[in-house]
Every structure is written in structure tokens, then in C-alpha cells.
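Residue numbers (full-length UniProt numbering): 1 to 257.
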């Protein structure tokens, strides 16, 4: 981990225009995620309009300019890094220069945490934590890119539903909330999800809750009643019934094994 060097990391928000002046080839990796509004970049002499959710992954040798017009509103996270670990991570799979990813709480949370850590005074900065955060960010971005590639033949609304359910399955998820998140009627959202995924939203959420419960049973000493509550089940009796139907044994028996 000591061979990762974070040169800068931050969040920018522009409302009065901006134009980066450095047109020399990059000497480090640059990642930029558009989180709000729009912008324009000139990447390797190609002019590209950037919208919310667009992720730029640039490598050393690429050229990059950022242009934001006077009437544009633009917000983005960005980080510049280098090092042997980053080289290995970059080279192990193809990384698209520009892609549009789902802005979930995992990616935004990691980037926000890393940015805040790098803003600390040098005397208070935890370099080990920052290095783990940048590694986690790279791996999470890679997963998001792989999920995006797998979602090519899937309606974007269904992808949004999947990500929303994954984030909220253990928090008292309601079908109405999923539909509202994607801007669809409940009936349309329910039909589209079942048609595409082959199971209902509740069944998908149930699988996530059960997986979370198994982790809690394996790695904590929490009571089964507390685990059921923590993982989003309305009661222990309901958790017991669903678990036994799925795995063919009661939760207590599973935990003993």
C-alpha cells in the first residue's frame, strides 16, 4: 500500500465558468466523476460533453482540458494518483476512458471520505487510512464499470431499481420507494423488474437480507432476534420462516453448523 501516492483529491463546484489551462500530457492517473450538472472536456484532442454520472479515467500520457461555460452548473469529485499498485490495478482489466455509472452511496461515500481525509492538516492526516480509501475507491469503481458493462442489455430503470434495493434492503424497503426512485408507477416498476430479473423486488430484497443475516450469524455474537431486526425482517418468526424455506433448516441449526 505504501506504493500509492495521492497527489490531490477534492470536490469542485462551478457556477461562473472555468477553463483548466494545463494542456501538457498527464504524468499521473486522473479520475473525475461528474456528480452534478454538466461540463465539457477535451480528452486526447476530442471534445466530449459530460453529464451527471460520467466517469473519466485518464492515464499518464493522456491530454485533458476541462471547460465549463458561464451559464453551466457543474460539480465533480476528482483525484490524481500514481504508484505500482495503481499500475497493476489499471493493467489487469480494460478501463474505458469515459463511462456513465450509477451514483450510489458507496462510491460517493468513499470519495467524500477520502477528500475530507486529504483536507486535514498534515499533522492530523492518517496516511494509512487515505491509502486504504483510495484502494477501496479504485476497486469499487472497477466493480461499477463491470456492472455497467453487464447492464447493457438491461433497461436502465431496472439497474436503478437493483442498486436502490441493494442499498436499502435492510432498512425497511418499500416497493413504492423503489418505483418513486426510478420515476415509474408502482405497477410498471413491479412488472418491469419481474420481467427482467425473473423474481419480484421483495424476493430480491429477501435474498440480500438473508445473506446479511448469515454474515451476522457467522461473525458476530448477536442474538438471532437482533440479527433478524438488524437485517430488515419485521419479526423473528418471519425471519425464521423465510430462512428455513430458503436453506432447509432453522437459523439456530445453521448457526450451530
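Don't be surprised by glycine CBs; every beta carbon is placed ideally from N, CA and C.
Cα-Cα separation, residue i to residue j
i	j	result
residue 192	residue 185	11 Å
residue 58	residue 230	41 Å
residue 49	residue 179	29 Å
residue 136	residue 110	8 Å
residue 34	residue 40	10 Å
residue 1	residue 38	For residue 1, the pLDDT reaches just 47, beneath the cut-off of 50, and the residue's location in the model is therefore unreliable, leaving the point undetermined.
residue 17	residue 153	37 Å
residue 11	residue 83	22 Å
residue 161	residue 103	13 Å
residue 256	residue 216	13 Å
residue 198	residue 144	22 Å
residue 120	residue 51	30 Å
residue 142	residue 165	20 Å
residue 126	residue 81	17 Å
residue 94	residue 159	22 Å
residue 176	residue 240	26 Å
residue 26	residue 128	26 Å
residue 172	residue 7	41 Å
residue 23	residue 112	27 Å
residue 122	residue 28	22 Å
residue 232	residue 243	13 Å
residue 67	residue 96	21 Å
residue 188	residue 254	38 Å
residue 220	residue 61	48 Å
residue 237	residue 190	26 Å
CB contact flag (residue i, residue j, <7 Å)
i	j	result
residue 86	residue 9	no
residue 140	residue 107	yes
residue 203	residue 105	no
residue 212	residue 170	yes
residue 114	residue 131	no
residue 53	residue 91	no
residue 56	residue 98	yes
residue 157	residue 182	yes
residue 251	residue 210	no
Own chain, CB closer than 8 Å to residue i, minus 5 neighbours either side, in chain order
i	result
residue 45	63
residue 222	216 and 230
residue 75	11, 12, 13, 14, 34, 35, 36 and 37
residue 235	228
residue 70	16 and 17
residue 208	165, 166, 169 and 170
Delimiting residues of the beta strand (DSSP E) encompassing residue i
i	result
residue 39	39 to 43
residue 49	46 to 50
residue 203	Looking at the DSSP string, residue 203 is not in any beta strand (DSSP E); the run it does join, the alpha helix (DSSP H), is 201 to 219.
residue 239	Segment 236 to 247 is the alpha helix (DSSP H) holding residue 239; no beta strand (DSSP E) there.
residue 9	4 to 14
Cut-off 6 Å between Cβ atoms - residues of its own chain near residue i, not counting five sequence neighbours on either side
i	result
residue 42	65
residue 116	none
residue 194	200
residue 73	15 and 37
residue 32	56, 76 and 78
residue 30	58 and 80
beta-carbon residue i near the ligand GTP non-hydrogen atom, thresh 6 Å
i	result
residue 43	You won't find the ligand GTP in this model; it holds no ligand whatsoever.
Residue i: first and last residue of the uninterrupted alpha helix (DSSP H) it sits in
i	result
residue 193	186 to 197
residue 255	251 to 256
residue 177	175 to 182
residue 125	Here residue 125 belongs to no alpha helix (DSSP H), and DSSP marks it neither H nor E.
residue 224	224 to 230
Cβ-based neighbour list, residue i, same chain, cut-off 7 Å, excluding 5 preceding and 5 following
i	result
residue 155	192 and 196
residue 246	210
residue 205	165, 169 and 173
residue 47	40
residue 20	65 and 66
- request: Counting only runs of 4+ residues fully inside the stretch 143 to 170, write out the alpha helix (DSSP H) ranges in chain order.
  value: Within the stretch 143 to 170, the complete alpha helix (DSSP H) runs of at least 4 residues are 156 to 168.
field: Contiguous alpha helix (DSSP H) assignments of at least 4 residues, all confined to the stretch 57 to 113
entry: The alpha helix (DSSP H) runs lying completely inside the stretch 57 to 113 and spanning 4 residues or more are 84 to 91, given in chain order.
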